[in-house]
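Undergrad:
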Amino acid sequence: MTITPQLIKDQEFESKFRGFDPIEVRDYLETI
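In numbering that gives the first Met the number 0, the protein residues as written are 0 to 31.
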(Lines of atoms letter the chains of each structure in order from A; the text may use other names.)
(Lines give C-alpha, C1' and ligand atoms only; values in the text may rest on other atoms or scores of the structure.)
Protein backbone atom coordinates (compact mmCIF):
# COMPACT_ATOMS: atom_id res chain seq x y z
CA MET A 0 0.00 0.00 0.00
CA THR A 1 1.36 3.42 -0.96
CA ILE A 2 1.05 5.95 1.86
CA THR A 3 0.12 9.43 0.69
CA PRO A 4 -0.44 12.63 2.67
CA GLN A 5 -4.11 12.50 1.64
CA LEU A 6 -4.47 8.94 2.97
CA ILE A 7 -3.04 10.02 6.33
CA LYS A 8 -5.29 13.10 6.42
CA ASP A 9 -8.40 11.03 5.64
CA GLN A 10 -7.73 8.39 8.31
CA GLU A 11 -10.49 8.23 10.92
CA PHE A 12 -10.35 6.64 14.36
CA GLU A 13 -13.13 5.47 16.63
CA SER A 14 -13.85 7.85 19.50
CA LYS A 15 -13.62 6.64 23.08
CA PHE A 16 -14.44 8.31 26.39
CA ARG A 17 -11.12 10.21 26.55
CA GLY A 18 -10.43 10.72 22.86
CA PHE A 19 -9.36 8.26 20.20
CA ASP A 20 -8.96 4.52 20.75
CA PRO A 21 -5.23 4.27 21.57
CA ILE A 22 -4.91 0.70 20.28
CA GLU A 23 -6.43 1.66 16.93
CA VAL A 24 -4.11 4.68 16.64
CA ARG A 25 -1.04 2.61 17.57
CA ASP A 26 -1.92 -0.07 15.02
CA TYR A 27 -2.34 2.58 12.32
CA LEU A 28 0.99 4.22 13.15
CA GLU A 29 2.73 0.85 13.02
CA THR A 30 1.26 0.38 9.53
CA ILE A 31 2.74 3.61 8.21
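Glycine included, each C-beta is placed from N, C-alpha and C at the ideal position.
CA-CA distance, F12 and D26?
TA: Here residue 12 refers to the residue found at position 13 of the sequence shown. Here residue 26 refers to the residue found at position 27 of the sequence shown. Going from the Cα of F12 to the Cα of D26 covers about 11 Å.
Undergrad: How many angstroms separate the CA atom of L6 from the CA atom of T30?
TA: Start at 1 with the first residue of the sequence shown, and residue 6 comes out as number 7. Start at 1 with the first residue of the sequence shown, and residue 30 comes out as number 31. Approximately 12 Å between the Cα atoms of the pair.
Undergrad: If we ignore side chains and look at the alpha-carbon of each, how far apart do D9 and F19 end up?
TA: What you label residue 9 is simply residue 10 of the sequence shown in a count that begins at 1. What you label residue 19 is simply residue 20 of the sequence shown in a count that begins at 1. About 15 Å.
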